[in-house]
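J.: Numbering (the working numbering), first residue to last: 87 to 199. Handing you this structure, nothing more for now.
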């Protein structure tokens, strides 16, 4: 049980970090794209090479943003799985507890007579 929780915890943390990195990098690329378009003079605009670079950066940014969605979903599902495992183990402990209490009462009752 503990190794499952540790594995799911690592999955949640890893996917959360990966999603944050993807979104941070996508934002940086978007800022660079905006800088390329605004750095050109108002009369001439950006050069063909700058437009090509901006297009490439914009595509990379959109791919990273699209990748962040499944990573966030993975993180959320990992958290739900951890909660389910914790609830399952708590319920199993609660079901075992009355049985142990009844056995203890039986032993105590037998010893007192």
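We treat Cβ as the ideally placed atom computed from N, Cα and C, and that holds for glycine.
At the level of alpha carbons, what is the spacing between residue 177 and residue 152?
T.: Each residue's alpha carbon lies about 38 Å from the other.
J.: Using three-state DSSP, classify residue 130 as helix, strand or coil.
T.: In this structure, residue 130 counts as coil in the three-state DSSP scheme.
J.: Hey, residue 109 and residue 147 are a contact pair by Cβ (cut 8 Å); roughly how many whole angstroms apart?
T.: About 10 Å; that fails the 8 Å criterion.
J.: Less than 8 Å between the CB atoms is what I'm expecting for residue 118 and residue 171, so what's the real figure, rounded?
T.: Not really, about 43 Å apart at Cβ, beyond 8 Å.
J.: Could you tell me if residue 98 is buried or exposed, where buried requires 16 or more neighbouring beta carbons within 10 angstroms of its beta carbon?
T.: Under this definition residue 98 is a buried residue.
J.: In or out: residue 164 buried (at least 16 other Cβ within 10 Å) or exposed?
T.: So residue 164 ends up on the buried side.
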